Structure formats: C-alpha cells, structure tokens
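Down below is the structure, laid out as structure tokens.
In this note's numbering, the protein residues as written are 5 to 244.
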C-alpha cells in the first residue's frame, strides 16, 4: 500500500516524503518528519491545483494526515493524541525507513544488471517459446484433476479485492470556508468539525495549519484534554 515510485509527472507520497527528508540530509525520525511537513503540503497543493489523478491525491492525503498530527504535536505540545493516532505516526516512520531500504536495494540491483552482463540470460533463450512437455503416459482426465486442484488451492489463498471509494475535498475551498466563518471571537475546533467525515476533518486540520502559517489565525488550548480554540487575527485578510 502506497509504495509506488512515480505516477506520470508526479511522485508517489512516500517517494516524495523520502526525497524531502534526504534533500535536507535528515534521518527518518518523527521530529524530522515534522520539519518537512510544510514542503509536503505545498507539493500536495500543487497536485490538487492541477486536478489530475484523484486517486494519487487521496494517497497523498493519507500521508498528509499523519504529518499533520506530527506537526500539530510540535506546534501544540499540550495536544493529546489518541492511541490510534500514536500508532499511525509510528507506522509512518517505520514504513518510510523500509521504503528507503527498498530504494537502496533497487539501486544496487539496477547497478548490478548494468555492470554485470553475465546476469542476463543467454541470447538464444529470448527466441525460445514456452513449451509444455507432458509425461508420455498422462491422460486428459488426470491433467484436468491436477489443474483443478491448483485452482482450488489458489482460491483458498486469494481474496476478493475490496474497492474503497475515497472522498476528494478541495483544500483551498476549505481554507476560504473556515476564514469566512472565523471572527476575533474564538471558535472551537469541535464546532468547525461537527458532523464532518474523517476526510473532511483531515482537510480541516490542514486548512487551519495553513492559516496559522500565514499568521491569519491564532489558536489556544486551555488544558491538556480541552478543545482547541481558533480566532481570526485582527486586520488580516485572506488572499484567495
């Protein structure tokens, strides 16, 4: 899941995240992932503005939601994450380390194939078609039973592919929507996310982080388990 190297003009989410980490010569740690979150979100916004490959955007949103949790913990040290969110963060770090190892192994194998011609098959093998040589005494009924047995075992292993419908939510529109709703009187995060789906809540959090970065809003949390309050900074305007 989410291990694609490149799709068209765009990199896959893990590939892009690894590129950002290695570009800053950082080790893969939770703190360092927080450092590259902003750059990752900018790349996600670029893909969204191009309006290409909604499935790729959905994959990026999954990774972005994990990065938002990490960045939020850095911005708001008092923020308490659920056990599931803590596990998601650890899984992202572990998967990115594994992905880095896979890419390094891939580069090693490609270099071996390039520099060691003896690793290639002999030339005549390319022109030889696949040939089936059945035993001399085999009968059609025996072959039918054998093939049926193979398919029977495959059915035990293979499972139906589940089709998941993913919701696409426009980040820029969400930022505009939130900014219009906010006033200098604080509004709680729980009210903003009321009745929202999980995807909407993730995009809502991304939108708030954008507004914080642009110094258009301020946030506060009165206690460790309290709601997050968001207020518009006076005199600032959002440039659409």
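Note that the Cβ used here is the ideal one computed from N, Cα and C, for glycine as well.
In this text, all values refer to a predicted model and were calculated from it rather than measured experimentally.
What does a CB cutoff of less than 6 Å around residue i pick up in its chain, not counting 5 residues either side in sequence?
| i | result |
| --- | --- |
| residue 209 | 72 |
| residue 191 | 234 |
| residue 69 | 206 |
| residue 89 | 73 |
| residue 28 | none |
| residue 76 | 83 |
Given a cut-off of 8 Å on the beta-carbon distance, is the pair residue i and residue j in contact?
| i | j | result |
| --- | --- | --- |
| residue 175 | residue 211 | yes |
| residue 180 | residue 83 | no |
| residue 18 | residue 100 | yes |
| residue 205 | residue 198 | no |
| residue 35 | residue 25 | no |
| residue 234 | residue 186 | yes |
Excluding sequence positions up to five away, which residues of its chain have a Cβ less than 7 Å from the Cβ of residue i?
| i | result |
| --- | --- |
| residue 237 | 219, 220, 221, 222 |
| residue 32 | 25, 97, 100, 101, 104 |
| residue 108 | none |
Does DSSP put residue i in a helix, a strand or coil?
| i | result |
| --- | --- |
| residue 4 | The structure shown does not extend to residue 4, since the chain spans only 5 to 244, so no value can be given for it. |
| residue 16 | coil |
| residue 5 | A caution first: residue 5 carries a pLDDT of 41, below 50, which makes its placement in the model too unreliable to give a value. |
| residue 91 | helix |
| residue 236 | strand |
| residue 201 | coil |
| residue 194 | helix |
| residue 151 | helix |
| residue 40 | coil |
| residue 181 | helix |
My assumption, with CB atoms under 8 Å, is that residue i sits in contact with residue j. Please give the rounded CB distance.
| i | j | result |
| --- | --- | --- |
| residue 64 | residue 48 | 5 Å |
| residue 161 | residue 207 | Not a contact, Cβ separation roughly 38 Å. |
| residue 38 | residue 74 | 5 Å |
| residue 227 | residue 193 | Going by Cβ atoms, the distance from residue 227 to residue 193 rounds to 14 Å, so no, they are not a contact pair. |
| residue 104 | residue 22 | 6 Å |
Give me, in chain order, the residues of the same chain whose beta-carbon lies closer than 8 Å to that of residue i; leave out the 5 immediate sequence neighbours on both sides.
| i | result |
| --- | --- |
| residue 52 | 61, 174, 175, 176 |
| residue 147 | 138 |
Looking at chain C, is there any beta carbon in it that lies within less than 8 Å of the beta carbon of residue i?
| i | result |
| --- | --- |
| residue 152 | The structure shown contains no chain C; it is built from a single protein chain. |
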